[in-house]
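The block underneath contains the structure these notes are about, expressed in structure tokens.
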Amino acid sequence: MNKADLIAKLADDAGITKTQANAALDSFVEAVTKTLKGGGKVTLVGFGTFSVSKRAARNGRNPQTGAVIKIKARKVAKFKAGKELSAKI
1479 MNKADLIAKL ADDAGITKTQ ANAALDSFVE AVTKTLKGGG KVTLVGFGTF SVSKRAARNG
1539 RNPQTGAVIK IKARKVAKFK AGKELSAKI
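See the structure below:
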């Protein structure tokens, strides 16, 4: 399922237009992004938790040359499925 499919499903289920569903989805994504940028986490009971995870700097290899390269430390978004979602899958 891609974004367009999700918007169509939201619009059908909620009885709203696709434009309204798109605005709601964009607002949700923006709210989650802002919260994660601020170092917080978003918990949706029964669905899961969005959080930020820190990856340490490490050495990697260039697959073409085999040379050692340094990979910088960074923050990545993480999602952990909730108990109810895991049970339904």
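Heads up, the sequence shown is in this note's numbering, so the first residue is 1479 and it goes up one at a time. Ideal Cβ placement from N, Cα and C applies to all residues, glycine included.
message: Measuring only the C-alpha atoms, how far is residue 1533 from residue 1542?
response: 24 Å
message: Could you tell me which whole alpha helix (DSSP H) segments of length 4 or greater appear in the region 1491-1520?
response: 1496-1515
- prompt: Roughly how far, in whole angstroms, is the beta-carbon of residue 1503 from the beta-carbon of residue 1526, given that I think they are within contact range, below 8 Å?
  reply: Residue 1503 to residue 1526, Cβ: 17 Å. No contact.
- prompt: When burial is assigned at 16 or more other CB atoms within 10 Å of the CB, is residue 1499 buried or exposed?
  reply: buried
- prompt: What first and last residue would you give for the beta strand (DSSP E) that runs through residue 1556?
  reply: 1552-1559
Residue 1559 and residue 1567 closer than 9 Å at C-beta: yes
- prompt: Looking only at C-alpha atoms, which of 1535, 1555, 1489 sits nearest to residue 1510?
  reply: 1555
task: Tell me, to the nearest whole angstrom, how far the beta carbon of residue 1535 is from that of residue 1551; I am working on the premise that it is less than 8 Å.
output: 4 Å
message: DSSP three-state label for residue 1567, please.
response: coil
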